[in-house]
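Letter by letter, the sequence shown follows residues 208 to 339 in this note's numbering. No residue lacks a Cβ here, since even glycine has one placed at the ideal position from N, Cα and C. Data block below; observations after.
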Amino acid sequence: RGAGPDATSSALLADLAEAAKNLRDKAPGPTIPQSGGKMKLIGQGESVGRFYVRLEVEDRPGVLAQVAGIFGAEKIGISSVLQPEGHGAGSVPLVFLLEQASESALQKAIAAISKLPNSRKPAHILRVEDLG
């Protein structure tokens, strides 16, 4: 739920009024902080981060080892893994919190995992931001 139409309209009108006043008074606009150095734009696959990955796989011995082996082959470390019990229907979720890895390495690993005969559904992936 948002703030509602009245609050949103009020905020929008206040922003427009301030922008019009700044134009009238020839006031400088907001400034963008400078980094002090040149920044290089990188491709999405080159970005590095931690990831949360949720898979649904067949509930059989050895599947976790297969998946962990694929992450290892791509040099992706596992911080933690959770395999909840009692899901029935022959499948189980596998939840991983991965260590720092490039997005391209993660995508290669996920592509290989999705080709496993024990893989049931597409992976759910979230980037984890360490804000501390």
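*Secondary structure, beta strand (DSSP E): runs of 3+ residues fully inside the region 250-332*: 255-265, 285-289, 298-309
*Anticipated Cβ contact below 8 Å, R261 with P300, distance rounded*: 6 Å
*So what does R231 bridge to, in DSSP terms?*
In DSSP, R231 forms no bridge with anything.
*Might you give, ordered along the chain, the residues of its own chain that have their beta carbon closer than 6 Å to the beta carbon of E281, omitting 5 neighbours on each side?*
A312, K315, A316
*Return the chain-ordered list of same chain residues with a C-beta closer than 6 Å to the C-beta of V302, the five sequence neighbours on each side being excluded.*
R261, L289
_G269 to L248 span [Cα, whole Å]_ = 41 Å
*Output the distance between the C-alpha atoms of T215 and S254, rounded to the nearest integer angstrom.*
Linking T215 to S254 through their CA atoms gives a straight-line distance of about 35 Å.
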